[in-house]
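Peer 1:
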Amino acid sequence: MARRRSSAVLNIGRELILPKGTNVLGPLRTRRSIWWLRSGHVRLSVKEAIIDQLDGGSFFGEGTVLGLPPHYDAATCLSEVKLIHFRMVEFARKVKADSRFATAVIQSLARRLRRCEKLIFSFVTEPAETRLARLLLEMAPEGKGWTRLRFAFTNPELARMIGSSRWRVSYFVNRFQRLGWLRRSHGLWVQRRKAEAFLQKAG
Numbered sequence: 203m204a205r206r207r208s209s210a211v212l213n214i215g216r217e218l219i220l221p222k223g224t225n226v227l228g229p230l231r232t233r234r235s236i237w238w239l240r241s242g243h244v245r246l247s248v249k250e251a252i253i254d255q256l257d258g259g260s261f262f263g264e265g266t267v268l269g270l271p272p273h274y275d276a277a278t279c280l281s282e283v284k285l286i287h288f289r290m291v292e293f294a295r296k297v298k299a300d301s302r303f304a305t306a307v308i309q310s311l312a313r314r315l316r317r318c319e320k321l322i323f324s325f326v327t328e329p330a331e332t333r334l335a336r337l338l339l340e341m342a343p344e345g346k347g348w349t350r351l352r353f354a355f356t357n358p359e360l361a362r363m364i365g366s367s368r369w370r371v372s373y374f375v376n377r378f379q380r381l382g383w384l385r386r387s388h389g390l391w392v393q394r395r396k397a398e399a400f401l402q403k404a405g
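Structure below.
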């Protein structure tokens with residue numbers, strides 16, 4: 203059950219707190235809405251394909267601006283999340299009134315567009331092993347040495363993200379661990395320098 207807070211402090215929009223496992227899109231009446239993820243993690247998916255993984259600061263439902271429904275059928279909370287729900291008229295009013303908010307929207311959507319461009323390029327030009335390595339590096343935070351991925355993935359989930367089979371992903375993950383740049387311990391960890399060297403060699 204969603205917990206709600208008054209929108210008075212937000213000027214526009216309703217703040218919701220949703221538990222892990224909730225599909226944010228919910229009933230059809232909320233599918234023409236724009237969402238601002240304030241904290242937690244959300245997965246966008248359609249059928250068996252995982253389209254994107256979002257963390258705090260991200261916006262989704264932007265197709266509403268064009269009068270279009272989402273191109274995904276689920277936005278699943280991977281943890282408890284706090285988000286702000288806008289109707290189109292509220293969103294337009296907020297963008298016009300708040301330049302910092304408008305900038306945050308543009309930056310969030312630009313980052314997602316960049317990820318989509320990389321994903322398309324990878325699917326067209328690279329084998330599955332390279333796609334997986336690039337995805338793991340993309341999901342790892344910046345830093346020296348070992349860095350933990352922002353999201354915990356199972357092998358079937360990774361397979362759905364790169365368009366491959368669970369068996370092949372398991373093989374690739376084991377190989378990356380033998381090469382010394384990936385390890386699994388309460389999540390996935392990447393040694394960025396070695397992962398980058400692997401991709402350069404594969405390139």
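Take the sequence shown: its position 121, counted from the start at 1, is 323 in the working numbering, and no numbers get skipped. All residues carry an ideal CB built from backbone N, CA and C; glycine is no exception. Every value quoted in this text rests on a predicted model; they were computed, and no experiment measured them.
#1: Hey, how far is the Cα of H388 from the Cα of A354?
#2: Helix, strand or coil for S324? Go by DSSP, reduced to three states.
#3: Pull up the distance between the alpha-carbon of F288 and that of R336, whole angstroms please.
#4: Check for me: the alpha helix (DSSP H) holding K332 runs from which residue to which?
#5: Tell me the residue span of the alpha helix (DSSP H) that contains A294.
#6: Specify whether the stretch 385-405 and the stretch 342-356 touch according to this definition: at least 3 beta carbon pairs, one from each stretch, less than 8 Å apart.
#7: Report the three-state DSSP secondary structure of L351 (helix, strand or coil).
#8: Once you ignore the five residues that flank P358 on each side, which residues in its own chain have a CB closer than 6 Å to its CB?
#9: Would you call P343 buried or exposed, if buried means 16 or more other Cβ atoms sit within 10 Å of its Cβ?
#10: Helix, strand or coil for G392 per DSSP?
#11: Can you give me the C-alpha to C-alpha distance between R216 and E292, rounded to a whole angstrom?
#12: Sort L285, K296, L270 and R316 by Cα distance to W238 and report the nearest one.
Peer 2: Based on what the coordinates show:
#1: 8 Å
#2: helix
#3: 34 Å
#4: Reading off the sequence, residue 332 comes out as Thr, not Lys. Taken as a continuous stretch (DSSP letters only), the alpha helix (DSSP H) holding T332 covers A330 to M341.
#5: M290 to A299
#6: yes
#7: coil
#8: R368
#9: exposed
#10: Here residue 392 turns out to be Val, not Gly, going by the sequence shown. Here V392 sits in strand by DSSP.
#11: 10 Å
#12: L285
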